[in-house]
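*Asks:* So the sequence shown is numbered by the numbering used here: it starts at 8 and just counts up by one. From the three backbone atoms N, C-alpha and C, an ideal C-beta is built for every residue, glycine too. All values derive from a computational prediction rather than experimental measurement. If you scroll down you'll find the structure; I have some questions about it.
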Amino acid sequence: MDAACHGADPDELFADSTGQNRAKAVCTGCPVRTECLADALDNRVEWGVWGGMTERERWTLLRRKPHVGPSADGVALDEAQDERGGARPRHR
8 MDAACHGADP DELFADSTGQ NRAKAVCTGC PVRTECLADA LDNRVEWGVW GGMTERERWT
68 LLRRKPHVGP SADGVALDEA QDERGGARPR HR
């Protein structure tokens with residue numbers, strides 16, 4: 008399975024703020040988006056759009072949720088929570 012960005016111009020994926028929305032659009036519907044984001048978070052990638060998130064968005068996510076890391080499942084759960092706009096239920 009290929010990433011949606013496979014073969015894309017790297018300058019588009021490592022764009023400045025005005026080009027970041029175009030780069031993020033490439034990630035929409037990508038079959039490996041979650042894995043890509045998990046890898047970027049795990050390796051603390053500082054540049055470019057990975058898994059549909061800019062470096063600033065990834066930094067903010069890691070600051071708010073430091074437990075997010077190499078698990079693609081954990082990233083998927085956090086993405087789902089953010090899309091719903093609510094908090095995940097806590098287990099006691």
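(1) Can you tell me whether V52 sits near the ligand ATP, meaning its C-beta is under 7 Å from at least one heavy atom of the ligand?
(2) Based on the DSSP secondary-structure assignment, which residues constitute the bridge partners of W57?
(3) Could you tell me the alpha carbon to alpha carbon distance between E19 and A32, rounded to whole angstroms?
(4) Taking the alpha-carbon positions, what's the T61 to G55 distance?
*Replies:* Let me lay it out:
(1) The ligand content of the structure shown is nil, which means the ligand ATP is not present either.
(2) DSSP, once it has assigned bridges, lists M60 as partnering W57.
(3) Approximately 11 Å between the Cα atoms of the pair.
(4) Counting only the Cα atoms, G55 lies some 6 Å from T61.
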